Each structure stands twice: as C-alpha cells, then as structure tokens.
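For reference, the structure discussed in these notes is given below.
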Amino acid sequence: AYQTVNEGDPDARSIAEFLILDHRLPRSLAFCYAKIVGNMRYLERQYARRMPSHDLAARISQRFTDNDIDAIFEHGLHEFVTEFLTDSQALGLQIERDYRFNE
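Okay, so the sequence shown: first residue is 2 according to the working numbering, each after it adds one.
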C-alpha cells in the first residue's frame with residue numbers, strides 16, 4: 002500500500018507518516034480515529050446525549066490534525082505512540098463506563 006501512494010525509497014519518517022497520519026490508509030491511526038469519532042457522533046445522536054468518551058475521542062483524533070510528522074518526530078515517535086496507546090486504552094475504559102458495558 003505504501004508504494005502505491007508514495008514514490009521513492011521508503012524511510013522511517015515517510016513510513017511513520019503513512020501509518021500514523023495518512024487518511025487514505027484504512028489502517029492508519031488518523032483514519033481509524035476519524036471512524037471512531039464518526040461512530041461516537043452516531044451514538045450521540047441515537048442516545049441524544051454526549052458522553053465524556055465523545056470528547057476524549059475527539060481530543061485524541063485532533064492530535065492527527067494538529068501534528069505533522071515533523072512535530073511527532075520532534076516530540077519523539079516512541080513517546081507519541083506510547084501516549085497514543087495509553088489514551089486509546091483510556092478511551093476504551095471511558096466508553097465502557099459511559100455505556101455501562103460492565104453492568
């Protein structure tokens with residue numbers, strides 16, 4: 002998939018950009034979070050209520066809009082991914098609380 006949309010030799014920066022920020026790639030983090038936010042909006046309409054998990058999903062998704070790959074590498078790729086995983090876990094737990102999956 003990478004070679005289909007990118008020319009030249011792949012390097013760590015361009016591959017990370019593709020996997021994290023490329024909205025064309027259905028497995029990129031940005032694409033996945035855009036879908037999560039869309040699904041959260043659907044739940045908001047169905048339940049006629051905005052839950053804390055909706056705001057958390059939107060904040061996580063906003064990171065992909067607010068940052069380019071240079072900012073991510075400047076912050077630290079490992080740190081970005083670690084924070085993303087921590088925040089994604091927190092989102093899952095918040096969705097569980099909001100929609101009472103554990104009751």
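Glycine residues also receive a C-beta, built at the ideal position from the N, C-alpha and C atoms.
All of these numbers come straight from a predicted model, not from anything done at the bench.
Within the stretch 25–74, the runs of alpha helix (DSSP H) that reach at least 4 residues and sit entirely inside it are, in chain order, 30–48, 53–67.
Cβ-Cβ distances below 8 Å link Tyr34 to Ala58, Ile61, Ser62, Phe65 in the same chain, with the five nearest sequence neighbours on each side left out; the list follows chain order. In this structure, the CA atom of Leu86 is about 30 Å from the CA atom of Gly9. Between the stretch 15–29 and the stretch 70–84 there are three or more C-beta pairs closer than 8 Å, enough to call the two in contact.
By the CB criterion at 8 Å, Asp99 and Met52 fall inside the cutoff. CA-to-CA, the gap between Leu26 and Asp56 works out to about 24 Å. Counting only residues of its own chain and dropping the five nearest sequence neighbours on each side, Glu84 has no CB closer than 6 Å to any other CB. In the structure shown, Glu80 adopts helical secondary structure according to DSSP, grouped into three states.
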